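**Q** To start, I am sharing the structure in question, which I have written as structure tokens.
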Amino acid sequence: MNNNNDIITQLVSDDTYKYGFVSDIEHNYAPKGLNEDVIRFISSKKNEPDFMLKWRLEAYSKWLKMREPKWAKLKYPPIEYNDLYYYAEPKDYKVDADNNTISPEIIKTYDKLGISLETNENLPTSQSCIAVDAVLDSVSVATTYKKQLEDVGIIFCPISEAIQKYPELVKKYLGSVVPVTDNFFAALNSAVFSDGSFVYIPKGVRAPMELSTYFRINASATGQFERTLIIADEDSYVSYLEGCTAPIRDENQLHAAVVEIYAHRNAEVKYSTVQNWYPGDKEGRGGIYNFVTKRGLCAGNNSKISWTQVETGSSITWKYPSCILKGNNSTGEFYSVAITNNYQQADTGTKMIHIGENTRSKIISKGISAGKSSNTFRSIVAQNKNAVKSQNFSQCDSLLIGNQCAAHTFPTIKVKNEKSTVEHEATTSKISDDAIFYINQRGIKTEDAMSLIVNGYAKEVLQNLPLEFAVEAKKLLAVSLEGSIG
Amino acid sequence: MNILSIKNLKAEINNTEILHGINLEINSGEVHAIMGPNGSGKSTLASVLAGKPGYKVTEGSVTFCGENLLDMPVDMRAKLGLFLAFQYPIEIPGVSNMNFIKTALNEIRKYHNQEPIDAFDFYELVKAKADLVKIDQKFLERSVNDGFSGGEKKRNEVFQMAMLEPKLAILDETDSGLDIDALRIVSEGVNQLKNANNAYIIITHYQRLLEYIIPDFVHILYKGRIVKSGDKSLALQLEEQGYKDIYND
Numbered sequence: 000m001n002n003n004n005d006i007i008t009q010l011v012s013d014d015t016y017k018y019g020f021v022s023d024i025e026h027n028y029a030p031k032g033l034n035e036d037v038i039r040f041i042s043s044k045k046n047e048p049d050f051m052l053k054w055r056l057e058a059y060s061k062w063l064k065m066r067e068p069k070w071a072k073l074k075y076p077p078i079e080y081n082d083l084y085y086y087a088e089p090k091d092y093k094v095d096a097d098n099n100t101i102s103p104e105i106i107k108t109y110d111k112l113g114i115s116l117e118t119n120e121n122l123p124t125s126q127s128c129i130a131v132d133a134v135l136d137s138v139s140v141a142t143t144y145k146k147q148l149e150d151v152g153i154i155f156c157p158i159s160e161a162i163q164k165y166p167e168l169v170k171k172y173l174g175s176v177v178p179v180t181d182n183f184f185a186a187l188n189s190a191v192f193s194d195g196s197f198v199y200i201p202k203g204v205r206a207p208m209e210l211s212t213y214f215r216i217n218a219s220a221t222g223q224f225e226r227t228l229i230i231a232d233e234d235s236y237v238s239y240l241e242g243c244t245a246p247i248r249d250e251n252q253l254h255a256a257v258v259e260i261y262a263h264r265n266a267e268v269k270y271s272t273v274q275n276w277y278p279g280d281k282e283g284r285g286g287i288y289n290f291v292t293k294r295g296l297c298a299g300n301n302s303k304i305s306w307t308q309v310e311t312g313s314s315i316t317w318k319y320p321s322c323i324l325k326g327n328n329s330t331g332e333f334y335s336v337a338i339t340n341n342y343q344q345a346d347t348g349t350k351m352i353h354i355g356e357n358t359r360s361k362i363i364s365k366g367i368s369a370g371k372s373s374n375t376f377r378s379i380v381a382q383n384k385n386a387v388k389s390q391n392f393s394q395c396d397s398l399l400i401g402n403q404c405a406a407h408t409f410p411t412i413k414v415k416n417e418k419s420t421v422e423h424e425a426t427t428s429k430i431s432d433d434a435i436f437y438i439n440q441r442g443i444k445t446e447d448a449m450s451l452i453v454n455g456y457a458k459e460v461l462q463n464l465p466l467e468f469a470v471e472a473k474k475l476l477a478v479s480l481e482g483s484i485g
Numbered sequence: 000m001n002i003l004s005i006k007n008l009k010a011e012i013n014n015t016e017i018l019h020g021i022n023l024e025i026n027s028g029e030v031h032a033i034m035g036p037n038g039s040g041k042s043t044l045a046s047v048l049a050g051k052p053g054y055k056v057t058e059g060s061v062t063f064c065g066e067n068l069l070d071m072p073v074d075m076r077a078k079l080g081l082f083l084a085f086q087y088p089i090e091i092p093g094v095s096n097m098n099f100i101k102t103a104l105n106e107i108r109k110y111h112n113q114e115p116i117d118a119f120d121f122y123e124l125v126k127a128k129a130d131l132v133k134i135d136q137k138f139l140e141r142s143v144n145d146g147f148s149g150g151e152k153k154r155n156e157v158f159q160m161a162m163l164e165p166k167l168a169i170l171d172e173t174d175s176g177l178d179i180d181a182l183r184i185v186s187e188g189v190n191q192l193k194n195a196n197n198a199y200i201i202i203t204h205y206q207r208l209l210e211y212i213i214p215d216f217v218h219i220l221y222k223g224r225i226v227k228s229g230d231k232s233l234a235l236q237l238e239e240q241g242y243k244d245i246y247n248d
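Taken in order, these protein sequences are the chains called A and B.
Note that numbering that gives the first Met the number 0 has the first sequence beginning at 0, numbered continuously upward.
Note that numbering that gives the first Met the number 0 has the second sequence beginning at 0, numbered continuously upward.
Pasting the structure below:
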């Protein structure tokens, strides 16, 4: 019988990962492995002030006493933390440091990824512009529209630059949302993070364009540990985008990032991610191990933080973008589409911690599992004693393609006051042969039929993405499922 | 011109033969009604022609517009102009009717080396065809069949048919679940769409639909075989005498 189950085994070749190329770039590495000297090496490479080195070394000593978390529904061989490079800097990435000229090979790399590193400081800005901080392996190689943003008081620069130029801001906010010892991977990141983006939006400023970071891994046997810190001062607004890709390799590469968002009174931050790290091949070889801690603090009253993520890549995803709703009337949102195919494993979800009064949170999660993959949604909604009149709405749906994949849902709800409400809805469905047949019968081939169904299913999340991101994400969803049904 | 030629078609599902040798010739401009009791193989015939997975053709041949239909994937049959109005249309949440039908239309146009339809032309076409089956434009913004009533789903099938203008449309019990007004609307739609270049197969239990859509031929399907063919009077005879007497003829 010509049904999903048979077709699912006829997986076609997965040469569908468009970003799997390797650029011809040489790197300067830190010595292999992890010890205090490597941390000193990274810190001195970045010309960091002493406080930062001290912070890193403390984090390292704490990390040494911590254990890798095992509660997630993920299976992978032990990670050999001493068998990888913690720092890889593209050689001669700045051809002319004074004029900020970047090497042509790097420009070419980003062109291939569809990212323009043109920095014409005379360009007028508009809502359709996107400022990019381009992080290649361990270094931010370029940041565009810096000057135009500076003109309105926005600081947008590599975090390594912020540490030197704005040490007071860094001291105040770094680790304030994700403490060093929050978890094993956050502690590791705190010790060895090499670059990432820093954003400060001053009081009353609405960012005149979208800001973004594009993370690219190129070097082999190297981990990427980036750190992003976004501070939105009172009455400010910023929409921030994050993209990431890596070459096709048989080895697994570790990526352990930390993103912290701090929102003051009346501030709003919208953070959107399209995570497209190399997912491994159809036999489960290679792919990125993606262990990420993302958290936002709605510190001030009426503040709002919204996470939207489209997770298509990585062989392992461990990621729970969360909101701490401390300010009264603050709002947290989490919109997620997580898609797994072949042997990919994702354990992802969110935490919404209600502390302030009348705080609201919304969770919309759409999991899609195909192939032999495993897709887990995990959440905590906590409404503390003082979080009276707080509200949460959660919806988590799972879509299964074929019968060799798995979907799991682990929602936890903790309500400690009697004046709050929590609503939770969940569904599990399968893409039926009948649905594919129906769409085929209208002249649409199976691949496009799948794409229609999946995009329809994920619509509620996709419509929260900025327009140009949404278009990419829709294509990506279709590509991710290629070969999952014939 | 011959549109469909079925010769000694035998088909099975789960190793059980359902069609035991069907012969049927359909020319352009003709309307054929296929009637028969439950389990006679009516829907199986529709499914086999459309290429539904799970059915296995064991013998015979089907030629559609001069091509070997049975070798073609489902979407190719549709692109060549075969349309099946489903007995139980499928719901596709999150995909608007408009987006769905536009995708289908453009896929079919692409196959015939035509440019994608211009947005304005598409809008005009939708308006005209929606009027034909008397459906509200708002209804077209909704997700495909999602939360539609039984009658709305059937009308949506006829709307899609009107949009795609197939060579051969198979209406699989489109009348079941329709009230008399909806039945009239659906029938009027079909009557306006039929012309000298296309053909229809109307699968139905009841003579009722055939009061509105006048068939040129009526075939009685019984236990996987066409046991009797005639003109529209056969349907009337069937209604009066029931199936039993006809099989015994």
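Glycine included, each C-beta is placed from N, C-alpha and C at the ideal position.
Quick caveat: nothing in here was measured; it's all calculated off a predicted structure.
Flag this pair as touching only if the stretch 81-94 of chain B and the stretch 431-445 of chain A have three or more C-beta atom pairs under 8 Å; answer yes or no.
**A** yes
**Q** Which residues, in chain order, does the stretch 82-94 of chain B contribute to contact with chain A at a C-beta distance below 9 Å?
**A** Phe82, Leu83, Phe85, Tyr87, Pro88, Ile89, Glu90, Ile91, Pro92, Gly93, Val94
**Q** Spatial neighbours of Asn2/A within its chain, please: C-beta separation below 8 Å, excluding the five flanking residues on both sides.
**A** Any reading at Asn2/A is ruled out, since the residue's pLDDT is 35, under 50, leaving its predicted position unreliable.
**Q** Measuring CA to CA, which of Phe376/A, Ser42/A, Arg205/A is closest to Gly366/A?
**A** Of the candidates Phe376/A, Ser42/A, Arg205/A, the one whose C-alpha sits nearest the C-alpha of Gly366/A is Phe376/A.
**Q** Measure the beta-carbon distance from Asn275/A to Leu464/A and round it to whole angstroms, keeping in mind my assumption that it falls under 8 Å.
**A** In fact, because the Cβ distance is near 13 Å, the residues do not count as touching under 8 Å.
**Q** Give the single residue among Phe50/A, Leu73/A, Glu35/A whose Cα lies nearest to the Cα of Trp62/A.
**A** Here the closest residue by C-alpha is Glu35/A.
**Q** According to DSSP, simplified to helix, strand and coil, what is Gly20/B?
**A** In the structure shown, Gly20/B adopts extended strand secondary structure according to DSSP, grouped into three states.
**Q** What's the C-alpha gap between Asn4/A and Ala477/A?
**A** For Asn4/A, the predicted model reports a pLDDT of 31, less than 50, meaning its position is unreliable and no value from the coordinates is stated.
**Q** What does the alpha-carbon distance come out to for the pair Ile200/B and Ala32/B?
**A** 6 Å
**Q** What residue range does the beta strand (DSSP E) around Ser60/B cover?
**A** 54-63
**Q** Take the Cβ of Asp396/A as the centre, count every other Cβ of all protein chains shown within 10 Å, and call the residue buried at 16 or more, exposed below.
**A** buried
**Q** Select from the stretch 451-466 of chain A all residues with a C-beta closer than 8 Å to any C-beta belonging to chain B, and list them in chain order.
**A** Leu451, Ile452, Asn454, Gly455, Tyr456, Ala457, Lys458, Glu459
**Q** How should Ala127/B be labelled, buried or exposed, when 16 other C-beta atoms within 10 angstroms of its C-beta is the threshold for buried?
**A** Exposed.
**Q** Against Ser142/B, what residues of chain A qualify as contacts under a CB-to-CB distance less than 8 Å, listed in chain order?
**A** Gly455
**Q** According to DSSP, which residues form a beta bridge with Met162/B?
**A** In DSSP, Met162/B forms no bridge with anything.
**Q** Tell me the rounded alpha-carbon separation between Val140/A and Thr108/A.
**A** Taking the straight line joining both Cα atoms gives about 12 Å.
**Q** Using a beta-carbon distance below 8 Å, is Ile443/A in contact with chain B?
**A** yes
**Q** When you compare the CB of Asp432/A with every CB in chain B, is at least one pair closer than 8 Å?
**A** yes
**Q** Cβ closer than 7 Å: which chain B residues qualify as neighbours of Gln489/A?
**A** Coverage of chain A is limited to positions 0 through 485, which leaves residue 489/A absent and any answer about it impossible.
**Q** With a 10 Å radius around its C-beta and 16 neighbouring C-beta atoms as the bar for buried, classify Met51/A as buried or exposed.
**A** buried
**Q** Along the chain, where does the alpha helix (DSSP H) that runs through Tyr236/A open and close?
**A** It is not in any alpha helix (DSSP H) - Tyr236/A instead sits in the beta strand (DSSP E) that spans 236-244.
**Q** Would you mind reading off the limits of the beta strand (DSSP E) that contains Gln82/A?
**A** For the sequence presented, residue 82/A should be read as Asp rather than Gln. Unbroken run through Asp82/A: none, as it is neither H nor E.
**Q** Do we get a CB-CB distance below 8 Å when we pair Phe155/A with the residues of chain B?
**A** no
**Q** Is there a Cβ of chain B sitting closer than 8 Å to that of Tyr486/A, yes or no?
**A** Chain A is shown from 0 up to 485; residue 486/A falls before or after that span and cannot be answered.
**Q** Determine, using beta carbons only, whether Tyr437/A comes closer than 8 Å to chain E.
**A** The structure shown contains no chain E; its protein chains are A and B.
**Q** Mind checking if Thr62/B is an interface residue toward chain A, Cβ cutoff 8 Å exclusive?
**A** no
**Q** What would DSSP say about Gln274/A, mapped onto helix, strand or coil?
**A** strand
**Q** Looking at C-beta atoms only, is the number of pairs between the stretch 206-214 of chain A and the stretch 173-191 of chain A that lie closer than 8 Å three or more?
**A** no
**Q** In three-state terms, what does DSSP make of Glu209/A?
**A** strand
**Q** Of all the options Glu310/A, Thr339/A, Ser137/A, which has the alpha carbon lying nearest to the alpha carbon of Ile216/A?
**A** Nearest of Glu310/A, Thr339/A, Ser137/A to Ile216/A, Cα basis: Ser137/A.
**Q** Nearest to Gly222/A by CA position, among Thr272/A, Ser193/A, Glu57/A, is which residue?
**A** Ser193/A
**Q** Taking the alpha-carbon of Ala77/B as reference, which of Phe63/B, Gln86/B, Pro88/B, Tyr87/B has the nearest alpha-carbon?
**A** Phe63/B
**Q** Which residue or residues does DSSP assign as beta-bridge partners of Trp62/A?
**A** Looking at the DSSP assignment, Trp62/A forms no beta bridge with any residue, so it has no partner.
**Q** What in chain A is Cβ-close to Ile107/B, meaning under 8 Å?
**A** Those are Gly442, listed as they occur along chain A.
**Q** Determine, using beta carbons only, whether Phe121/B comes closer than 8 Å to chain A.
**A** no
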